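Numbering (full-length UniProt numbering), first residue to last: 1 to 282.
Glycine included, C-beta positions come from ideal geometry on N, C-alpha and C.
Note that the coordinates shown come from a computational prediction; the quantities given were computed from them, not determined experimentally.
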């Protein structure tokens, strides 16, 4: 016996958007995350995803998705202050699937191609975004006296933020799980954080993934994978190689702090940070 989720009452905020945007429920249940509710729907027979959130970071990301107007992102069908309606990815696989199939190089190239579309968008009326300095605030406060790898990552962050280059709107979480296959429309990004800062930073998240998604097999923290990715990204995206490594080093520290706050061990972040330190001196 299967559950008919179409008869389950929805939160009022979702019901309002269902009526306003003329959406039809599917037999799939709502998906609840720490910050959002997502509901698979149909709009004029086309599969879509309705996302509702009161979280400031999520709302800022939704505003940026709408501003990008599909330039490298999932097509936005409707948008308001607290909700966004996205065309649903079909077939829906992510770049994690490419890595699992043994093609890390192709996955890395695709992230670079998506980033080029995002960073190349130059429309006016840019939404209000969170500055990278503020995003790194917790890591920047880590005292040098700690003397450990986190203190060294914090030092990298402070130095980079004190000398910003090529500032622009940033996705902020551009990794394998956030780039989906839209079939004939190609690979497109979802779930941006809505940041503003140095372009090079937007590539840092890929270097900890897809391992942070809980895959049982190690990949991102293998030294030869990190080195291969660094060279490929620097070449494809026309980045300063050493500056890219420094951003990876800084990002490992910030991601680790968030893990520690959640009582989790930042094992992958630690390993990648140490490998990044090796690349900086060799």
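Three or more C-beta pairs below 8 Å linking the stretch 217-226 and the stretch 150-170
Contact fails between the stretch 217-226 and the stretch 150-170, because fewer than three Cβ pairs, one in each stretch, are under 8 Å apart.
Among 192, 140, 164, 21, whose alpha-carbon lies nearest the alpha-carbon of residue 72?
It is 192 whose Cα lies nearest to the Cα of residue 72.
If you drop the 5 nearest sequence neighbours on each side, which residues of the same chain put their C-beta closer than 8 Å to that of residue 135?
So the list reads 172, 193, 195, 197, 254, once near-sequence residues are dropped.
With a cut-off of 8 Å, do at least 3 Cβ pairs link the stretch 11-27 to the stretch 73-88?
By the criterion of at least three beta-carbon pairs nearer than 8 Å, the stretch 11-27 is in contact with the stretch 73-88.
Compute the Euclidean distance between the alpha carbons of residue 102 and residue 152, then round it to the nearest angstrom.
Cα-Cα distance, rounded: 33 Å.
Only counting the same chain, and skipping five residues up and downstream in sequence, which positions put a Cβ closer than 7 Å to that of residue 115?
Closer than 7 Å at Cβ, skipping near neighbours: 174, 202, 203, 237.
Nearest-angstrom Cβ-Cβ length linking residue 90 and residue 47, presumed shorter than 8 Å:
With a beta-carbon spacing of about 7 Å, residue 90 and residue 47 fall inside the 8 Å limit used to define contacts.
Residue 59 beta carbon less than 9 Å from that of residue 44:
In this structure, residue 59 does not lie closer than 9 Å to residue 44 by Cβ.
Between the stretch 115-133 and the stretch 209-221, do at least 3 Cβ pairs fall closer than 8 Å?
With fewer than three CB-CB distances shorter than 8 Å, the stretch 115-133 does not count as touching the stretch 209-221.
How close, in whole Å, do the beta carbons of residue 251 and residue 200 come, if the pair is a contact with beta carbons under 8 Å?
The Cβ separation is near 10 Å, so there is no contact.
Go ahead and label residue 147 buried or exposed: buried means 16 or more other beta carbons lie within 10 angstroms of its beta carbon, across all protein chains shown.
The residue is exposed, with fewer than 16 neighbouring Cβ atoms inside 10 Å.
In terms of residue numbering, what span does the beta strand (DSSP E) encompassing residue 190 cover?
DSSP places residue 190 in no beta strand (DSSP E); its state is neither H nor E.
Three-state secondary structure (DSSP) at residue 1?
Bear in mind that a pLDDT of 43 at residue 1, under 50, signals an unreliable position, so the number given afterwards is only what the model happens to contain. DSSP places residue 1 in coil when its eight states are reduced to three.
Endpoints, beta strand (DSSP E) assigned at residue 43
Unbroken beta strand (DSSP E) run through residue 43: 36-43.
Which of the three DSSP states, helix, strand or coil, is assigned to residue 71?
Here DSSP, grouped into helix, strand and coil, assigns residue 71 to coil.
Residue 26 in three-state terms, based on DSSP:
Note: residue 26 maps to coil in three-state DSSP.
So the beta strand (DSSP E) residue 47 belongs to, where does it begin and stop?
Per DSSP, residue 47 belongs to the beta strand (DSSP E) from 46-53.
Which parts of the stretch 240-275 are runs of the alpha helix (DSSP H), unbroken and 4 residues or longer, counting only runs that do not cross its ends?
Fully enclosed alpha helix (DSSP H) runs of 4 or longer: 241-261.
Segment limits, alpha helix (DSSP H) that includes residue 99
95-100 is the span of the alpha helix (DSSP H), which, as asked, contains residue 99.
Between the Cα of residue 279 and the Cα atoms of 241, 96, 258, 261, which residue gives the shortest distance?
Here the closest residue by C-alpha is 241.
Quick check: the Cα distance between residue 167 and residue 256, rounded to an integer number of angstroms?
Between residue 167 and residue 256, the C-alpha separation is close to 25 Å.
Apart from the five residues just before and just after residue 178, which ones in its own chain have a Cβ nearer than 7 Å to its Cβ?
Leaving aside the five residues that flank residue 178 on each side, the residues in its chain whose CB is nearer than 7 Å to its CB run, in chain order, 189, 190, 191.
Got a sec? Which residues, its chain only, sit under 6 Å from residue 138 by beta carbon, not counting five neighbours each side?
In chain order, 257 place their CB closer than 6 Å to the CB of residue 138, counting only its own chain and leaving out the 5 sequence neighbours on each side.
Between the beta-carbon of residue 219 and the beta-carbon of residue 104, is there less than 9 Å?
Closer than 9 Å, so yes.
Which value, in whole angstroms, describes the spacing of the CA atoms of residue 272 and residue 120?
Between the C-alpha atoms of residue 272 and residue 120 there is a straight-line separation of about 29 Å.
Pull the bridge partners of residue 78 from the DSSP assignment, please.
In the DSSP assignment, the residues bridged to residue 78 are 85.
Please report how far the alpha carbon of residue 63 lies from the alpha carbon of residue 127, in whole angstroms.
Those two C-alpha atoms are separated by around 6 Å.
Would you report the Cα separation of residue 12 and residue 87, rounded to the nearest angstrom?
Roughly 22 Å between the two C-alpha positions.
Separation of residue 211 from residue 265, as counted between CA atoms
If I take the Cα positions, the gap works out to 13 Å.
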